[in-house]
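Okay, so here's the structure we're looking at.
Protein chains: 2
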Amino acid sequence: MTKVKDTLREHDLRNTSCREDVLAILTQNNAALSHGEIERELDNRFDRVTIYRTLKTFVDKGIIHKVLDEEGLRYAVCKDQCSGPQHHHDHLHFKCTVCGLTNCIENITIPPIQLPAGYRSIETNLLIQGVCPLCNSDN
Amino acid sequence: MTKVKDTLREHDLRNTSCREDVLAILTQNNAALSHGEIERELDNRFDRVTIYRTLKTFVDKGIIHKVLDEEGLRYAVCKDQCSGPQHHHDHLHFKCTVCGLTNCIENITIPPIQLPAGYRSIETNLLIQGVCPLCNSDN
DNA sequence: CAATATTTGCATCGCTGTTGCACTTGGCGG
DNA sequence: CCGCCAAGTGCAACAGCGATGCAAATATTG
Chain A
1 MTKVKDTLRE
11 HDLRNTSCRE
21 DVLAILTQNN
31 AALSHGEIER
41 ELDNRFDRVT
51 IYRTLKTFVD
61 KGIIHKVLDE
71 EGLRYAVCKD
81 QCSGPQHHHD
91 HLHFKCTVCG
101 LTNCIENITI
111 PPIQLPAGYR
121 SIETNLLIQG
131 VCPLCNSDN
Chain B
140 MTKVKDTLRE
150 HDLRNTSCRE
160 DVLAILTQNN
170 AALSHGEIER
180 ELDNRFDRVT
190 IYRTLKTFVD
200 KGIIHKVLDE
210 EGLRYAVCKD
220 QCSGPQHHHD
230 HLHFKCTVCG
240 LTNCIENITI
250 PPIQLPAGYR
260 SIETNLLIQG
270 VCPLCNSDN
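Protein chains in written order, with our numbering: chain A, 1 to 139; chain B, 140 to 278.
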């Protein structure tokens, strides 16, 4: 929990209970969460709008990043290489179609894509859907 | 336009004016369109709900596919290799942050990603954000 | 042309995400 | 420790997305 406070301070954000709680929830969860899921976990202790603004602030500061899947938008904490000094913009996420959880896959870099001439790439976002190890019973 | 009718027939869909027009719009546009954009192009000639159902039907039949970006859901017609017999599930889209258009990139296959053990991949969706050739003035 | 299964329009609902404004609070200096 | 003020929060309201149930309209088939 001290870690959460530190993270807020490091990003020049005031330490408020909403920010603490939202960041704690996202840190404890390794799956990406939607606004609605976070709201439910907070058990109506904060206004919807406040949670939206908190998430937006975190994204702007690079503390968390957006995760897209067909069901909508989710959020996950950035790992060190994402929020640190050598901030990169490649994200690889895996969505399990059985359990429905979306996770960041670490340790794998997206191979460089050779785009046609004239295209300039800034950010890469890869979503792989399939079955995760826990739901995969082919063994 | 006959082509549109043929496509509908090939997928066992009744030939209705809403389906014709929606498919024609998507075929003429090479950028992916959102529900709202399609609705505007149709100039209120069809009910919102009808357009939603039409798009859903097309996705189910494999005539169009969903395109995700941070602003929401869009739709684009599947190219032959996507809707034909050797239907694949890899999609590469490029979103230009200047003009805002999202296009399918053809002729480029996503390099295979070596997932950690236990993961089974079914569908791959890659969104690259950056600047497209038309908006890129570095020359 | 008639029968029928499909499609459409309308009403309605719930969820997502945003904005404006007034109130509250965190962190600063004294 | 206290007051100040910018930053953050809650509330009300709004616009858009996406879905469902039902009655009316329409495309196909014979």
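Ideal Cβ placement from N, Cα and C applies to all residues, glycine included.
Remember, it's a predicted structure, so these values are computed and weren't measured experimentally.
Bridge partners - residue i, DSSP secondary structure assignment
i              : result
residue 233(B) : 242(B) and 267(B)
residue 31(A)  : 103(A)
residue 259(B) : 131(A)
Beta-carbon proximity check, residue i vs residue j, cutoff 7 Å
i              : j              : result
residue 193(B) : residue 161(B) : yes
residue 69(A)  : residue 26(A)  : no
residue 32(A)  : residue 74(A)  : yes
residue 37(A)  : residue 51(A)  : no
residue 62(A)  : residue 259(B) : no
residue 15(A)  : residue 5(A)   : yes
residue 102(A) : residue 59(A)  : no
residue 123(A) : residue 89(A)  : yes
residue 250(B) : residue 133(A) : no
Cβ-heavy atom distance, residue i to the ligand NAP, below 6 Å
i              : result
residue 195(B) : The ligand NAP is not among the ligands present in this structure, which contains no ligands whatsoever.
Neighbouring residues, chain B, relative to residue i (Cβ below 9 Å)
i              : result
residue 176(A) : Since the first and last residues shown for chain A are 1 and 139, residue 176(A) lies out of range.
residue 97(A)  : 261 and 262
Span of the beta strand (DSSP E), counted from its first residue to its last, around residue i
i              : result
residue 186(B) : That residue, residue 186(B), is in no beta strand (DSSP E); it is neither H nor E in DSSP.
residue 153(B) : Per DSSP, residue 153(B) belongs to no beta strand (DSSP E) and is neither H nor E.
residue 110(A) : Taken as a continuous stretch (DSSP letters only), residue 110(A) belongs to no beta strand (DSSP E), as it is neither H nor E.
residue 203(B) : 203-208
residue 211(B) : 211-216
Listed by chain order, chain B residues near residue i by CB distance under 8 Å
i              : result
residue 136(A) : 257, 258 and 259
residue 125(A) : 265, 266, 267 and 268
residue 108(A) : 252, 253, 254 and 255
Beta-carbon neighbours of residue i, restricted to chain A and to distances below 8 Å
i              : result
residue 233(B) : 115 and 119
Neighbouring residues, chain B, relative to residue i (Cβ below 7 Å)
i             : result
residue 66(A) : 209
(request) Report yes or no: do three or more beta-carbon pairs, one from the stretch 236-251 of chain B and one from the stretch 109-129 of chain A, lie closer than 8 Å? (result) yes
(message) Pairs of beta-carbons, one from the stretch 231-238 of chain B and one from the stretch 90-103 of chain A, closer than 8 Å: are there three or more?
(response) no
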